[in-house]
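> The numbering used here numbers the first residue of the sequence shown as 860 and each following residue consecutively. Note that CB positions come from ideal geometry on N, CA and C, so glycine has one too. None of these values were measured; they are calculated from a predicted model. This is the structure, below, for whatever I ask next.
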Amino acid sequence: MTISGSNLGSGSDITTVNIVGDIATIQQQTRTSVVVLCHAHNAGAGDIIVKSISFGRTTANSAFTYNIGMSKLALDTDKLQYLELFG
């Protein structure tokens, strides 16, 4: 999935992306986006947290939901302040 926004990093210094408590695998990053691979997870909602050397921690609280048995993931766009999720 792709997370887009501002204050994510310098383009090469995003250190971790946490999706609902699990570390996602960073595939690619720029100054305004990071592409990650999410791992299997139990059903439930939680935060998206992007950490970078340049900007520290950027959090979208309770913005992502894993649904068991569904091919689509739910996202609460009202909770995203600087992050947008596509994927």
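Roughly how many angstroms lie between the CA atoms of Leu896 and Val879, to the nearest whole one?
Cα-Cα distance, rounded: 13 Å.
> According to DSSP, Ala902 sits in a beta bridge with which residue or residues?
Beta-bridge pairing links Ala902 to no other residue.
> Ignore the nearest five residues each way along the sequence and tell me which others in Ile885's own chain have a CB closer than 7 Å to its CB.
Cβ within range, chain order: Ile873, Val876, Val893 and Val895.
> For Ala904, which residues of its own chain have a beta-carbon under 6 Å away from its beta-carbon, when the five flanking residues on both sides are left out?
Cβ neighbours of Ala904 beyond the five flanking positions: Ser921 and Thr924.
> With DSSP collapsed to three states, give me the class of Ser911.
Strand.
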